[in-house]
Amino acid sequence: MLGLFPIFFKISNINKFIAGSLAFASGVMFCVSVTDLIPESISLIQKYVSDFETLLLVFGFIMIGVFLSSLIRKKVNTECNQSSLFRVGIISMIAIILHNVPEGMATFISTTKNVSLGISLAIAIALHNIPEGISISVPIYYSTKKKSRAFFYTLVSALSEPLGAIITYFFLMPIINPFILGLLFASIAGIMLSISFLELLPSSFQYSYLKTSKLCFGAGILFMLLKFFF
71 MLGLFPIFFK
81 ISNINKFIAG
91 SLAFASGVMF
101 CVSVTDLIPE
111 SISLIQKYVS
121 DFETLLLVFG
131 FIMIGVFLSS
141 LIRKKVNTEC
151 NQSSLFRVGI
161 ISMIAIILHN
171 VPEGMATFIS
181 TTKNVSLGIS
191 LAIAIALHNI
201 PEGISISVPI
211 YYSTKKKSRA
221 FFYTLVSALS
231 EPLGAIITYF
241 FLMPIINPFI
251 LGLLFASIAG
261 IMLSISFLEL
271 LPSSFQYSYL
281 KTSKLCFGAG
291 ILFMLLKFFF
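Be aware that the sequence shown starts at 71, since it is given in the numbering used here, and climbs by one per residue.
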């Protein structure tokens with residue numbers, strides 16, 4: 071929910087700020103996919119199958135994620151008659167919900183086995199959830215001019231994290247295992263890569279602040295890489 075903070079400050083150049091925010095969020099999603107989700111997916115799956123089969127499964131489920139992302143965008147484009155910026159916010163929210171639910175599962179499972187690991191994972195996830203909140207709140211607010219709507223959609227996304235833990239506790243504990251989580255992470259990586267390069271970044275470039283977009287995309291990547299130094 072800390073990702074709501076930009077909507078409470080007056081911005082002198084709104085279009086430039088939106089372009090930068092979308093590009094920053096794109097960089098965050100790209101980095102999370104490449105440095106977190108895909109390596110974690112490989113690590114989990116290769117405990118069950120050979121290295122070659124692991125790569126095939128990871129690539130296959132990334133492609134499934136890309137396909138699911140295209141279906142999400144098509145559905146949202148059909149349902150949302152509002153601005154393209156509003157559509158970007160909704161698509162980002164859906165992608166992040168799909169990302170957050172298994173993260174909640176992973177945090178819950180990790181904590182039941184190792185509290186210290188669970189706390190570390192929770193902190194890391196919380197930090198990268200802030201720019202994810204920005205990727206929802208900024209386009210929703212500036213397309214509707216309503217802080218309440220930005221707050222609501224960001225809250226829905228935020229609640230998906232504990233929802234993953236609740237689902238795991240009540241329904242999935244007997245059947246969930248690292249292999250299934252690995253497949254989930256790969257498909258979510260595909261969704262987020264697709265959203266990053268086919269929705270967020272192109273939308274940022276439409277505002278014609280290409281230098282700002284490129285710098286903010288890089289800043290989003292660097293922001294997420296900071297976790298490796300702590």
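We treat Cβ as the ideally placed atom computed from N, Cα and C, and that holds for glycine.
These figures come from a predicted structure and were not determined experimentally.
Item, Value
"Whole runs of the beta strand (DSSP E) within the region 188 to 251, excluding any shorter than 3 residues", "none"
"Limits of the alpha helix (DSSP H) - the one that methionine 99 falls within", "84 to 102"
"C-beta atoms of phenylalanine 94 and glycine 290 nearer than 8 Å", "yes"
"Selection from Phe178, Leu74 and Lys215 that minimises the alpha carbon distance to phenylalanine 241", "Phe178"
"Three-pair Cβ contact test at 8 Å for the region 208 to 225 versus the region 244 to 261", "no"
"Element boundaries [alpha helix (DSSP H), containing glutamate 110]", "108 to 115"
"Sequence-distant residues of the same chain with beta carbon closer than 8 Å to isoleucine 200, five excluded per side", "Leu72 and Gly73"
"Beta-carbon separation (whole angstroms), cysteine 286 vs glycine 97, contact threshold 8 Å", "7 Å"
"Reduced DSSP category for serine 120 - H, G, I as helix; E, B as strand; rest coil", "coil"
"Terminal residues of the alpha helix (DSSP H) in which glycine 73 lies", "Counting along the chain, glycine 73 falls outside any alpha helix (DSSP H), and DSSP gives it neither H nor E."
"Nearest candidate by alpha-carbon position, reference phenylalanine 87, set Ile206, Tyr279 and Leu295", "Tyr279"
"Residue range of the alpha helix (DSSP H) that includes serine 274", "271 to 275"
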